[in-house]
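Student: The structure follows.
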Amino acid sequence: MLSKVLGAVGVLLLVVGAVFAVRPVHAGGDGCGSVFQPDKGITPMQCDSRLSSRGNLVTGFGAGGAALVVGAVAVAAIRERRTRVTSS
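Each step along the sequence shown adds one to the number in my numbering, with nothing skipped, and position 84 is 90.
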């Protein structure tokens, strides 16, 4: 049960990070583009801080989600091994 909850929360965090990565960023009424593809023709100083903070947010969600998914796989593997060892 724990591994399923960890895995579900991890996947949810990864999805939230992806959504934040593709959503456009606006600064002062101007569109800056997204984390993956900034708009062309913008002054870099207008959007640098917004894109940087959004990039940090996306990195945090992605790293947290990946860590939870890896933790879920580890918990499942440990439980399976523990079950297999005790039944032998």
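Cβ atoms here follow ideal geometry from the backbone N, Cα and C, with glycine treated the same way. Quantities reported herein were computed from a predicted structural model and do not represent experimental measurements.
1) Rounded C-beta distance between Gly13 and Val75? I'm assuming under 8 Å.
2) Given this structure, state the Cα-to-Cα distance separating Gln43 from Leu19, to the nearest angstrom.
3) CB-CB under 6 Å to Val91, same chain, minus the five flanking residues each way: which ones, in chain order?
4) Could you name the residues of the same chain whose beta carbon sits closer than 8 Å to that of Val81, not counting the 5 residues immediately before and after it, in chain order?
5) I need the DSSP call for Asp54, collapsed to helix, strand or coil.
Tutor: From the atom records:
1) 6 Å between Cβ atoms; contact.
2) Near 21 Å, if we compare the C-alpha coordinates of Leu19 and Gln43.
3) None.
4) Listed in chain order, the non-local C-beta contacts of Val81 below 8 Å within the same chain comprise Leu8, Ser9, Leu12, local neighbours out to five positions each way being set aside.
5) For Asp54, the three-state secondary structure derived from DSSP is helix.
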